[in-house]
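Residue numbers (the numbering used here): 1 to 303. The beta-carbon is built from N, C-alpha and C at its ideal position, and this holds for glycine as well. Small disclaimer: the values here were computed from a predicted structure and weren't measured. Here the structure comes first, spelled out in C-alpha cells, and everything after it is commentary.
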C-alpha cells in the first residue's frame with residue numbers, strides 16, 4: 001500500500017517522522033544531560049537553570065548546550081539506523097574532500113554579512129558600543145560551541161531534512177519546504193516574533209542554497225558558524241533570542257522592527273536585504289559551478 005503513495009508524500013512522511021523523533025530524542029537527551037550536570041555540580045536542576053542564565057556562570061550554559069548538540073547529532077545518525085537505512089556522515093554531507101575552499105568561502109561570507117549588519121546598525125544609530133572586553137577562555141569556548149551548533153543544525157536541517165525532500169520533489173520546492181521547517185523549529189525560542197520567523201525562513205534559503213547544487217555541508221557549516229559566532233561572541237548581539245557575552249558590549253536603541261530587540265540582529269528588518277544578497281550571491285556562484293561540473297562530467301562520459 002505504501003508503494004502507491006506518491007514519492008513527494010513519502011519524503012514528507014519521512015521528514016515528519018524524523019522531526020518528531022528528533023524533537024523527542026533531543027529534548028529528553030538535553031534534560032538527562034542537564035540532570036547529570038546538576039549532580040556533578042551538586043545542585044538541583046532548577047538551580048542549574050537559574051545559574052546558567054547569569055553571565056558569570058556561562059560555563060554551565062555552554063556545557064548544557066554542548067551536551068544538547070551532541071545528543072542532536074546522535075539523533076540525526078540514529079533515526080535512519082532505526083529505519084534500516086544507516087547513513088554515514090559523509091552521505092549526509094560531511095565531506096572535506098575538495099571542499100576546503102568552499103568551507104573557507106562560507107566562513108568568509110558569514111563574517112561579511114553579519115559585519116555589514118553591525119556597521120549599518122551602528123551608522124543608523126541603533127547600536128551604541130559600551131565597552132570592549134576580551135576573555136580568552138570564554139572566546140575559545142564560544143568557538144567550540146558555535147562550531148558544534150553549526151554541525152548539528154546543518155546535519156539535521158540540510159543533511160537529513162533537505163536531502164530527503166530532494167529525493168521526492170523539485171530541489172527548489174524542497175529548499176522552500178526545508179526553509180519553512182527550519183524557521184518553525186525556532187518557534188519556542190525566546191522573544192520569537194513574525195519578523196524573526198520570516199528572517200529564519202530566509203536563513204533556511206541562505207544555508208540551503210549551496211546544498212541543493214553541491215549536496216555538501218562544508219559551505220553552510222562555515223557560514224552558519226561565523227554568522228552565529230561573530231553575531232554573538234564578537235558583536236554582542238543576542239543569537240536567535242539567546243544572550244551571549246561578546247567582545248563588544250552594546251546597547252541597542254530604537255524601534256524593535258529595526259533593531260530586532262531581544263531576539264538579536266536576526267529579528268531586524270535590516271537583516272532582510274543582507275540575507276537576500278547572500279542568497280543571490282550563493283545562487284549565482286554555485287548554480288553556474290554546478291552546471292559547469294555537470295557539463296565536464298558529461299564530456300568525460302562521452303569520451
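Item, Value
"Burial state of residue 44 (16 or more Cβ within 10 Å)", "exposed"
"Residue nearest to residue 34 in terms of C-alpha spacing, selected from 60, 15, 12, 14", "60"
"Short Cβ contact (7 angstroms threshold) for residue 241 with residue 191", "yes"
"Extent of the continuous alpha helix (DSSP H) run through residue 185", "No alpha helix (DSSP H) holds residue 185; DSSP gives it neither H nor E."
"Per-residue DSSP class, three states only, for residue 289", "helix"
"C-beta contact flag for residue 230 and residue 111 at 7 angstroms", "yes"
"Whole-number beta carbon distance between residue 8 and residue 166, since they are thought to touch under 8 angstroms", "Not quite, the Cβ-Cβ distance comes to about 11 angstroms (not below 8 angstroms), so this is no contact."
"Residue 295 versus residue 289 - alpha carbon distance", "Low confidence applies to residue 295: its pLDDT is 49, below 50, so where it sits in the model is not reliable, and the reading given next is rough at best. Approximately 10 angstroms, taken between the alpha carbons."
"For residue 156, the nearest candidate out of 79, 195, 286 (CA to CA)", "79"
"Neighbour-count burial assignment, residue 342, 16 or more Cβ in a 10 Å radius", "No answer is possible for residue 342: it lies beyond the span of the chain, which begins at 1 and ends at 303."
"Residues near residue 149 by beta carbon distance below 7 angstroms, same chain, minus five either side", "69, 228"
"According to DSSP, residues forming a beta bridge with residue 251", "128"
"From 19, 127, 93, residue whose alpha carbon lies closest to that of residue 256", "127"
"Residue 239 - partner residues in DSSP beta bridges", "242"
"Pair within 7 angstroms by beta-carbon distance, residue 152 and residue 40", "no"
"Selected residue, minimal CA-CA separation from residue 306, among 179, 93, 102", "Lying outside 1 to 303, the shown extent of the chain, residue 306 is not represented and no answer is given."
"Whole-Å CB distance - residue 248 paired with residue 129, under 8 angstroms assumed", "6 angstroms"
"Classification of residue 4 by the beta-carbon crowding that lies within 10 angstroms, buried from 16 upward", "exposed"
"Every unbroken beta strand (DSSP E) inside the segment 114–162 [3 residues or more]", "127–132"
"Straight-line Cα distance separating residue 274 from residue 199", "10 angstroms"
"DSSP state of residue 91 mapped onto helix, strand, coil", "coil"
"DSSP state of residue 5 mapped onto helix, strand, coil", "coil"
"Buried or exposed by the 16-neighbour rule on C-beta atoms within 10 Å, applied to residue 238", "buried"
"Where residue 276 falls: helix, strand or coil (DSSP)", "helix"
"Proximity to residue 27 [Cα-Cα], best of 245, 51, 65, 38", "65"
"Simplified DSSP assignment, three categories, for residue 96", "coil"
"Residue closest to residue 93, alpha-carbon to alpha-carbon, out of 278, 48, 181, 214", "214"
"Whether residue 208 touches residue 180 by CB criterion (7 angstroms)", "no"
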